[in-house]
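Just so you know, we're using my numbering here: the sequence shown kicks off at 10 and counts up by one.
Notes follow once the structure below has been shown.
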Amino acid sequence: MIKPGNILADVKLVSLCTHGDSRGALIALESERDLPFKIQRVYYIYGTKTAIARGCHAHRSLKQLLIAVTGLVKIRCEYCGRKENFTLDRPEKGLFLEGLVWHEMYDFSEDCVLLVLASDFYSEDDYVRNYEDFKKMVMV
Ligand code: TYD
Numbered sequence: 010m011i012k013p014g015n016i017l018a019d020v021k022l023v024s025l026c027t028h029g030d031s032r033g034a035l036i037a038l039e040s041e042r043d044l045p046f047k048i049q050r051v052y053y054i055y056g057t058k059t060a061i062a063r064g065c066h067a068h069r070s071l072k073q074l075l076i077a078v079t080g081l082v083k084i085r086c087e088y089c090g091r092k093e094n095f096t097l098d099r100p101e102k103g104l105f106l107e108g109l110v111w112h113e114m115y116d117f118s119e120d121c122v123l124l125v126l127a128s129d130f131y132s133e134d135d136y137v138r139n140y141e142d143f144k145k146m147v148m149v
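So this is what it looks like as structure tokens:
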């Protein structure tokens, strides 16, 4: 279980509980139980060209869990004055993003399917798409 936090921004790499047996593996994610939010939206990104970076924005209040269900993708994050890079390359690995995290997804493998579980409906108002605006917002 990922614990909710009263914070401006947070990033956590999490291990998802796998039910495995001789037949293979299964991962179940239940809204507000295995995730610290109610799932309001699911989307997935696939067929991304290797040289392409996606994302390149922050969210004002959205919480998301990213899972590369197949393939590999790297994610560059900047938040709370920190810069960190993550690799999602296993379906039991998740990256939880909360609040003002500038994030860029890059180096997608050809077969990558990046599944995203999100805490809210799509709203352009929640996006910070300009990096300079993001920098101003996180300055203390
Ligand atoms: P975009 O924000 O550019 O994707 P990324 O951040 O991964 O590069 O979104 C691409 C298009 O899809 C854009 O027209 C908005 C639309 N979209 C939705 O309609 N609903 C959604 O949940 C998302 C994430 C995007």
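Positions of the beta carbon are idealized from the N, C-alpha and C atoms, including for glycine.
Can you tell which of the options has its C-alpha closest to the C-alpha of residue i?
i      : options                           : result
Asp43  : Ser118, Glu101 and Lys144         : Glu101
Lys83  : Val122, Leu35, Leu109 and Leu71   : Val122
Asp120 : Pro45, Glu41 and Thr59            : Thr59
His66  : Glu41, Tyr136, Ile48 and Thr27    : Tyr136
Phe95  : Gly29, Cys89, Ser31 and Tyr115    : Tyr115
Arg138 : His28, Lys47 and Glu113           : Glu113
Ala127 : Ser118, Phe105, Val147 and Phe117 : Phe105
What would DSSP say about residue i, mapped onto helix, strand or coil?
i      : result
Met146 : helix
Glu141 : helix
Asp98  : coil
Glu39  : coil
Asp129 : coil
Asp135 : helix
Val110 : coil
Phe105 : strand
Met10  : Its pLDDT being 48, under 50, Met10 is placed unreliably by the model, and the measurement read from it follows with that caveat. Coil.
Ala18  : strand
Arg50  : strand
Arg91  : strand
Ala60  : coil
Taking C-beta to C-beta, are residue i and residue j nearer than 8 Å?
i     : j      : result
Leu75 : Val125 : yes
Leu22 : Leu38  : no
Throw me the rounded Cβ distance for the residue i and residue j pair, which I believe falls under 8 Å.
i     : j      : result
Arg50 : Asp129 : 7 Å
Ala18 : Leu109 : 4 Å
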